[in-house]
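Chemist: Pasting a structure here, questions to come.
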Ligand SMILES: C[S@@+](CC[C@H](N)C(=O)[O-])C[C@H]1O[C@@H](n2cnc3c(N)ncnc32)[C@H](O)[C@@H]1O
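Residue numbers (my numbering): -18 to 196.
Given below as structure tokens:
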């Protein structure tokens, strides 16, 4: 395709995407209520359903940029709690006092030490909304996403307290059952949930694993 035609198609797709965003209920709500992402509502819905985050909790949020989940967690843990967010992308500074952000790649071995240094104690809750740069190929995206969720689980094995809670995003696909099995070996209970704020066509589900057996 010649360059001008390609550019026209790109502009068209960008306009479509922006229109969908404007028409999206949770996108508009997030803008109005000052949340940095529409995903904030997914966390609010999951937290409400499972009593995931409690006042005074220490929360680790993996893949936290632009910061919607950090904002929600900060409100739920309150003044006595603490939220540590990690992302390889930058996060614009947050006003919340009980929040700290680290810029790091969770796949790098040295990141666990960076995280540990910023935690006052083992965590009550570990959240992961880690997403790969999606290719549009469901199979590839699924495998990449499960790899990230598995990294999040390996962080939980080191930093989650006994009886702690773990919640991660996962894309549906052939490896999902195996990953759920891995969670079942490490937690007393595992629940699968699709919060109402999830886009209808999305392959994502959220896994809530309660009462960590290690730690
Ligand atoms: C869907 S976004 C998270 C949105 C966030 N929950 C919110 O509400 O603002 C997924 C994030 O995962 C991050 N991510 C993906 N791979 C990562 C990695 N290896 N290390 C750190 N962050 C990563 C991306 O940079 C991206 O910001």
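Note that beta-carbon positions come from the ideal geometry of N, C-alpha and C, so glycine has one too.
Tell me which residues share the same chain as residue 16 and place their Cβ nearer than 7 Å to its Cβ, disregarding the 5 neighbours each side in the sequence.
Modeler: 49 and 52
Chemist: Going by the beta-carbon positions, is the gap between residue 62 and residue 87 smaller than 8 Å?
Modeler: no
Chemist: Can you find the residues in the same chain that come closer than 7 Å, C-beta to C-beta, to residue 64, ignoring five residues on each side of it along the sequence?
Modeler: 40, 42, 51, 54, 55, 58, 79 and 80
Chemist: Within its chain, find whatever has a CB closer than 8 Å to the CB of residue 249; leave out the 5 residues flanking it on each side and keep chain order.
Modeler: Limits of the chain in this structure are -18 at one end and 196 at the other, which puts residue 249 out of reach.
Chemist: Considering just the uninterrupted stretch of the alpha helix (DSSP H) at residue 99, what are its terminal residues?
Modeler: Element bounds for residue 99: n/a, residue is neither H nor E.
Chemist: Please determine, among 130, -10, -8 and 66, the residue with the shortest C-alpha to C-alpha distance to residue 187.
Modeler: 130
Chemist: Is the beta carbon of residue 145 sitting closer than 8 Å to the one on residue 97?
Modeler: no
Chemist: What residue ranges within the stretch 1 to 73 form continuous beta strand (DSSP E) runs of no fewer than 3 residues, ordered along the chain?
Modeler: 39 to 43 and 63 to 68
Chemist: With DSSP as the reference, please indicate the residues paired to residue 84 in a beta bridge.
Modeler: 68
Chemist: Rounded to whole angstroms, what's the CA-CA distance from residue 134 to residue -12? Just pull it up for me.
Modeler: 41 Å
Chemist: The beta strand (DSSP E) spanning residue 77 covers which residue range?
Modeler: Note, residue 77: premise wrong, no beta strand (DSSP E); not H, not E.
Chemist: What does a CB cutoff of less than 8 Å around residue 168 pick up in its chain, not counting 5 residues either side in sequence?
Modeler: 147, 190, 191, 192, 193 and 194
Chemist: What is the DSSP secondary structure of residue -9, reduced to helix, strand or coil?
Modeler: helix
Chemist: I need the DSSP call for residue 192, collapsed to helix, strand or coil.
Modeler: strand
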